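Colleague: Chains as they are written, first to last, in UniProt numbering: chain A, 1 to 145; chain B, 1 to 145.
There are 2 protein chains.
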Amino acid sequence: MEKKDDFDLENFLPFLLNQAAEESSLAFQKVYKSRYGLLRTDWRVLFHLGIYGRMTAKEIGQRSKIHKTKISRAVQRLAERRYLTRTRDENDRRSEHLELTPAGEAVYRDLRGIAEDYDARLTAQFTRGENALLRVMLRRLAGMG
Amino acid sequence: MEKKDDFDLENFLPFLLNQAAEESSLAFQKVYKSRYGLLRTDWRVLFHLGIYGRMTAKEIGQRSKIHKTKISRAVQRLAERRYLTRTRDENDRRSEHLELTPAGEAVYRDLRGIAEDYDARLTAQFTRGENALLRVMLRRLAGMG
DNA sequence: GGGTAATAGTTGTTTTTGTAACCAACAATA
DNA sequence: TATTGTTGGTTACAAAAACAACTATTACCC
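In C-alpha cells, the structure reads:
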C-alpha cells in the first residue's frame, strides 16, 4: 500500500511492543482460560504465590506493579475456587497472608510447565545471545532494569 | 525474598513483554488522552489514516489486527469529533472509505511528532545495533516477521 | 433468476478494568 | 489519650473491552 506519510508505525516501540505482547500471550492465555477459567491477573497472582510462597497482597503488588484493586479481585476469585487461603496477620490486622492450597499448587505446577514449554518455543527462534539481549532490553524498558 | 520455586517469571516472555509494553505506553497514553481525549484504538486508527491516507475499516483491521468492533467504535468516535469523514464506496456499498479531515490531520501531525520524540528517547538507551535487533525480534514475536 | 453463502460493518449484552471513595487498623504527635 | 495522618485492602460506579448476534449488500452457483 502506498504511503502518504512516512511515519514508521510498525517500528514505534509502544505499538510494536504491544503487538508482540498480545501475540505472544495468546496461546498461553487460551490454556489458563479454557482449562481453569483464569484471567490474566489471576495467573499472575497464582504464579507469585507459587514461586515465592506465602505473601501478602501488598508484596505481590510491589513485585509486579499490578494495581491493588486488580490484585484484590484476583485474590477473591482464587479464594472462591479454593486455590488459596487468606489468614490475617496477628501483628498487623490490616493485612493478610495468602498461600496456595494443594489444589492451587497443582494448578500452578500445571501452568508452570506449560509456561516453560511455551517460553522455550518462543526462545528457540533466536540465538542464546539474542535472547539474553532481548531480556535485558525489555527489563530496561519495563522499568525493571 | 526467598524463593520456594525457581520458575523465572521475570524472564517469561509473555509477562516481560506485557510489562515492557505497558510501561512504555504510559507516557504516550497520557498525551493523547489528556490532550485529545483519545483512546488507544482511536490513535491507532488515526495514525493508520494519517500514514496511509484514505482506507476502509477492513484494511485498517488487516494491517493492525485490531478487532472490527473496536475499529467500528473508534471510527464512530473520530467521526463525531470531525477528525475523519466516511464515504460509501459506490461499487461496493457495504464498505466505506475513511479519510482524515484537516482537523484530524492536525491532531495526527501533533501526535506523530510526540511519538517520534518519545520513541527517540526510548531508543537512545541502546546502541544502534541493539535497537535494530530488538525490532527484528519483536516483529518476529508479533507475527509480523 | 432464486436461493445460499460470504463479507463489511454495526449493535446489544456481558465481563473487565479504571478511578475514586471508602473502611478498618495502625502510627505519630502533641 | 485525642487528633491527625498512613497504610492494607475493599467496594461502588463509570468507562472500556470481549463476544456473539445482527443488518445490509454482494458473490456464487444451480
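Cβ coordinates follow ideal geometry from the N, Cα and C atoms, glycine included.
Treat the numbers as computed from the prediction; the structure is a model and nothing was measured.
Are the Cβ atoms of V45 of chain A and V75 of chain A separated by less than 8 Å?
Modeller: The answer is yes: Cβ separation under 8 Å.
Colleague: For the alpha helix (DSSP H) containing R139 of chain A, name the first residue and the last one.
Modeller: First-last of the alpha helix (DSSP H) with R139 of chain A: R128 to L141.
Colleague: Let me see if you follow: with CB-CB separation under 8 Å, is E10 of chain B close to chain A or not?
Modeller: Chain A contact via Cβ: present.
Colleague: Looking only at its chain, what residues have a beta carbon closer than 7 Å to the beta carbon of D89 of chain A, apart from the 5 residues adjacent to it on each side?
Modeller: Excluding positions up to five away in sequence, the list reads S95, E96 and H97.
Colleague: DSSP three-state label for L98 of chain B, please.
Modeller: Strand at L98 of chain B.
Colleague: Just the Cα atoms here: how many angstroms apart are I71 of chain A and K3 of chain A?
Modeller: C-alpha separation (whole angstroms): 44 Å.
Colleague: Scan the segment 7 to 64 of chain A and note each continuous alpha helix (DSSP H) run of 4 residues or more that stays entirely inside, going in chain order.
Modeller: Segments of the alpha helix (DSSP H) lying fully in the segment 7 to 64 of chain A: 13 to 36, 40 to 52 and 57 to 64.
Colleague: Please classify P102 of chain B: is it buried, with 16 or more other beta-carbons within 10 angstroms of its beta-carbon, or exposed?
Modeller: Answer is exposed; the Cβ neighbour count stays below 16.
Colleague: DSSP on R73 of chain B, reduced to helix/strand/coil?
Modeller: Reduced to three states, the DSSP call for R73 of chain B is helix.
Colleague: Got a sec? Which residues, its chain only, sit under 6 Å from K68 of chain A by beta carbon, not counting five neighbours each side?
Modeller: Excluding residues within five positions, the ones whose Cβ falls inside 6 Å are G61.
Colleague: Return the chain-ordered list of same chain residues with a C-beta closer than 8 Å to the C-beta of residue 154 of chain A, the five sequence neighbours on each side being excluded.
Modeller: With chain A represented from 1 up to 145, any question about residue 154 of chain A goes unanswered, as that position is not in the structure.
Colleague: Can you tell me where the beta strand (DSSP E) with R88 of chain A in it begins and where it stops?
Modeller: Per DSSP, R88 of chain A belongs to the beta strand (DSSP E) from L84 to R88.
Colleague: Decide if D119 of chain B is buried, meaning its Cβ has at least 16 other Cβ atoms within 10 Å, or exposed.
Modeller: Looking at its Cβ environment, which holds 16 or more other Cβ atoms inside 10 Å, D119 of chain B is buried.
Colleague: So which residues of chain B does K4 of chain A contact, with C-beta pairs closer than 8 Å?
Modeller: Going along chain B in sequence order, the residues near K4 of chain A (Cβ under 8 Å) are G50, I51, Y52 and G53.
Colleague: Is the shortest distance between the beta-carbon of D117 of chain A and the beta-carbons of chain B less than 8 Å?
Modeller: With 8 Å as the cut-off, D117 of chain A does not count as an interface residue toward chain B.
Colleague: CB E105 of chain B to CB G53 of chain B, shorter than 8 Å?
Modeller: Against a cut-off of 8 Å, the Cβ pair of G53 of chain B and E105 of chain B comes out as no contact.
Colleague: If we call anything under 8 Å between Cβ atoms a contact, is L16 of chain B one with R139 of chain A?
Modeller: In this structure, R139 of chain A lies closer than 8 Å to L16 of chain B by Cβ.
Colleague: Return the residues of the segment 12 to 35 of chain A that lie within a Cβ-Cβ distance of less than 7 Å from chain B, sorted by chain order.
Modeller: Taking 7 Å as the Cβ-Cβ cut-off against chain B, the residues of the segment 12 to 35 of chain A that qualify are F12, L13, P14, L16, L17, N18, Q19, A20, A21, E23, S24, S25 and F28.
Colleague: One question on the structure: do A20 of chain A and L141 of chain B come within less than 8 Å of each other, judged by their Cβ atoms?
Modeller: Cβ atoms of A20 of chain A and L141 of chain B: closer than 8 Å.
Colleague: What does the Cβ neighbour count give for D42 of chain B, buried or exposed, with the cut at 16 atoms within 10 Å?
Modeller: Buried, because 16 or more other Cβ atoms sit within 10 Å of the Cβ of D42 of chain B.
Colleague: Assign R112 of chain A to buried or exposed, taking buried as 16 or more other Cβ atoms, counted over all protein chains shown, within 10 Å of its Cβ.
Modeller: The residue is buried, with at least 16 neighbouring Cβ atoms inside 10 Å.
Colleague: Does R86 of chain B get closer than 8 Å to chain A when you measure Cβ to Cβ?
Modeller: Closer than 8 Å: no.
Colleague: Skipping 5 residues on each side, what residues in its chain have a beta carbon closer than 8 Å to that of L78 of chain A?
Modeller: Contacts found: D42, V45, L46, L84 and G104.
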